[in-house]
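A short worksheet on the structure shown next.
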Amino acid sequence: MKRLALALLCVAAAACTPGKSGVPAYLDPSADIELRVEDALSRMTLEEKVAMLHAQSKFSSPGVQRLGIPEVWCTDGPHGIRPEVLWDEWDQAGWTNDSCTAFPALSCLAATWDRELALLYGRSIGEEARYRGKDILLGPGVNICRTPLNGRNFEYLGEDPFLAGEMVVPYVKGVQENGVAACVKHFAVNNQEVRRTSTSSNVDDRTLYEIYLPAFKAAVQKGGAWAIMGSYNLYNGQYNCHNKKLLCDILKGEWGFDGVVVSDWGGCRDDDEAVTNGLDMEFGTWTNGLSGAPSDKYDNYHLAKPYLASLKSGKFGTTELDDKVSRILRLIFRTRMSPEPHYGRFVCPEHYAAARKIAAEGTVLLKNDGALPLNIPQGGKLLVVGENAVKKMVVGGGSSSLKTRVEVTPLEGLQDAFAGKAEVVWERGYVGDVSSSYNSVSTGQDLSESRSPEQLIADAVKAAEGASCIVFVGGLNKSDGQDNEGTDRSDIVLPYGQDKVIEALSETGIPLVAVNISGSPVAMPWAGKAGAIVQGWYGGSESGHALADVLTGAVNPSGKLPFTVPVCLADGPLKTERQYPGIKSPDKPYWDEYYDEGILVGYRWFATKGIEPQFPFGHGLSYTTFEYGGAKASGKVSEGGTVRFSVNVTNTGAVDGAEVVQLYVAAPEVAAGRSKIELKAFRKVFLKAGETSRVTLDIPASELRRFDADSHSWVSDPGEYTLLAGSSSKDIRAEARFTLK
Ligand code: BGC
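See below:
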């Protein structure tokens, strides 16, 4: 009956296209997607079209009820499926079926340097999104870690555009295999949280194209992302949710993006620019951006009544409107109304296993003088110290906060691992963040504490008596001023006096393992005093098991830092207020920030300036050792060709393990303002003890170009290049040269 009615409607509308067996083309799953879009568009009224462009609730936009075109439902993203919220409130709705699998933070995924795991991550989270009935997953985030202080570094894929670009592509593909659109965020040059809605990132074109855009471009062109989210900040003086250069010229123009541009929540600021400058869907919190007007008036959004009025008055024609609606329809035909049915799955053993594997593979062994893997005699004692050993951290941090039934803490992970073998005792050591809820989701933990800092240290030292080893688990957390949306840190020094705790523990003479849980680099002035140092992350549901897997040696660590850990903040490239956090001139309503450091971000800065970091980008040890030898590169390469590099890698230790072979390129002329080294290829190889593998890495010559702002094109620098293969950006084990003709 419904089909018949629709068919009749179709006959009534002259431009409508029938599909197979008389079904309207837009309802015919076998019809070409562009035909479906065109057909649906031709049936819609002006009001129906405008209604699709803006939110109707916190996370949904209306479909077309008359035509049976469904609503679009979004969810954060990017580490799991956000709990259901009330229609127009951030607070969770209190459903009991929405506790998700919490996957590790994206900084951890980046640290795996493993494309397969990025695919597994994308697939798993995509399945969870589909099961929960979501069409757009608000993630992944690919903003470059420009400063260690950025509160959202934990949601991103590190400091290098190539690494981020390689990891985002499989994530996006994995999500979208499930008929769920990945919404890559936050486009673009959104590299800090402080004054995130009122700062203009002023970046030169070369820096923009070489550092801040490549991961987005890869997500769009190689990953085929169906949605992208504009960021809160301005770029060169125009708000990014309707920034003409970013959205019209680059994203939809140069890159040919055919998906939907979604505003960040409340990030749209202007009636006219919202129409003309590439925004497709406006989401948000309040009626007019972020100012807190009555919350039930979605009709007052820029792309709602004001737009309808301008269309009716003839101020705007329907070209932009039809383009926006076509993109949204395309997204719907790719997701909810896709020809292939998708059902997903939710909180299943496979997803926990994926979360555990990714968390373990991303764990980075920074230093080891033999304290790891843990060697506790039968019946012995292991002392665990630190708040992060017990604090549940899936809840908190902003929009990525989740509700999960299971979150295994590091202490629980170690207790499970040593059950029946050794006693695992915990002491707090310091007090950090005692809060335990976010948007009315609670971890149920009571972390209140009455002891003084001195007493806490004294108690921890006392508890060390008789222990074979101390594992300190500290770092940052997801409260304000830590790894948290909306705020940045003020320094990279560990908060809450943790340095003192670590120093005191090191003085006991008992082997000390320091585990830093964070999504950003922290200073480690005690690095020389700890027997082993581990960079852990917000590991999600299986956090503690994964950490225990690595500490006990059940998993041989193979994670590599996705960012540089500097000795101190001052060693990094951001030196002035102009650069960070920005300056205010009286004549502008926003702050200005200048990316004066240009392309010298992260290791590019440290390597080019010859500054020694605490731990370099790409660094990470294993319980085995690897030797490189027999490096070879294709001798001469022409512009359209590919450089082929190969090297033997041997596992020379006693245990099986994985090495991430990293290939950096040193261009002939640092004079052209290039970084001394740039990562251009990498591969993770698993090798049994004693095994050798020949690792081949290809670099298309086009990847060696730099962006020339004057000609607005990518240009090559011919000459002799050096290929540097290594275990980190500083630990180069093999070299070869080639000439670019
Ligand atoms: C964040 C986005 C998020 C959105 C919806 C914004 O505040 O910046 O990353 O997806 O809220 O929760």
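Under the working numbering, think of the first position of the sequence shown as 212, with each following residue one higher. All residues carry an ideal CB built from backbone N, CA and C; glycine is no exception.
Here residue 951 really is in contact with residue 932; their C-beta atoms are around 6 Å apart, less than 8 Å. Per the coordinates, the alpha-carbon of residue 564 lies some 44 Å from the alpha-carbon of residue 848.
Secondary structure remark: continuous alpha helix (DSSP H) runs of at least 4 residues inside the region 673 to 754, in chain order: 709 to 717. 465 is the residue among 326, 465, 471 whose C-alpha sits nearest the C-alpha of residue 924. With a threshold of 6 Å, the Cβ atom of residue 301 does not count as near the ligand BGC, since no heavy atom of the ligand is closer than that. For residue 637, the enclosing beta strand (DSSP E) covers residues 634 to 638. Residue pairing by DSSP places residue 909 opposite 855 in a beta bridge. Nearest to residue 395 by C-alpha distance, out of 433, 625, 244, 362, is 433.
In this chain, the beta strand (DSSP E) harbouring residue 948 covers 943 to 951. When DSSP states are grouped into helix, strand and coil, residue 862 belongs to the strand group. Pairing residue 354 with residue 401 gives a Cβ-Cβ distance under 7 Å.
DSSP, read as helix, strand or coil, puts residue 763 in helix. When secondary structure is reduced to three states using DSSP, residue 410 falls in the strand class. According to the DSSP assignment, residue 940 belongs to no beta strand (DSSP E), since it is labelled neither H nor E. No residue range can be given for residue 420, since it is assigned to no beta strand (DSSP E) and is classified by DSSP as neither H nor E. Distances from the CA of residue 451 to each of 471, 411, 429 were compared; the closest alpha carbon is that of 411. As the crow flies, the alpha-carbon of residue 312 is around 6 Å from that of residue 615. When distances are taken from the beta-carbon of residue 533 to the heavy atoms of the ligand BGC, even the shortest one reaches 6 Å or more. With respect to the C-alpha of residue 722, the residue from 710, 580, 379, 490 having the closest C-alpha is 580. Straight through space, the alpha carbons of residue 248 and residue 480 are spaced by roughly 29 Å. The shortest C-alpha to C-alpha distance from residue 821 to any of 777, 829, 794 is the one to 777. Of the candidates 544, 341, 492, 544 places its Cα closest to the Cα of residue 236. Between the region 782 to 793 and the region 648 to 662, the count of C-beta pairs closer than 8 Å stays below three; the two stretches do not touch. When beta bridges are read from the DSSP output, residue 825 appears opposite no residue.
Distances between the C-beta of residue 409 and the heavy atoms of the ligand BGC are all 6 Å or more. The closest heavy atom of the ligand BGC lies 6 Å or more from the beta carbon of residue 284.
Per DSSP, the continuous beta strand (DSSP E) segment holding residue 868 begins and ends at 868 to 877. About 7 Å separates the CB atoms of residue 769 and residue 871; that is less than 8 Å, so the two are in contact. Taking residue 724 as reference, the option from 758, 883, 921 with the minimal CA-CA separation is 758. Taking non-hydrogen atoms of the ligand BGC into account, the C-beta of residue 271 is found less than 6 Å away from none of them. For residue 732, the number of other beta carbons within 10 angstroms of its own is at least 16, and it is reported as buried. Separation of residue 868 and residue 427 (C-alpha to C-alpha, rounded to the nearest whole angstrom) is 32 Å.
Annotated three-state conformation of residue 437 is coil, per DSSP. Along the length of the region 621 to 672, whole beta strand (DSSP E) runs at least 3 residues long occupy 634 to 638, reported in chain order. By DSSP's assignment, residue 290 forms no beta bridge with any residue. With a threshold of 6 Å, the Cβ atom of residue 412 does not count as near the ligand BGC, since no heavy atom of the ligand is closer than that.
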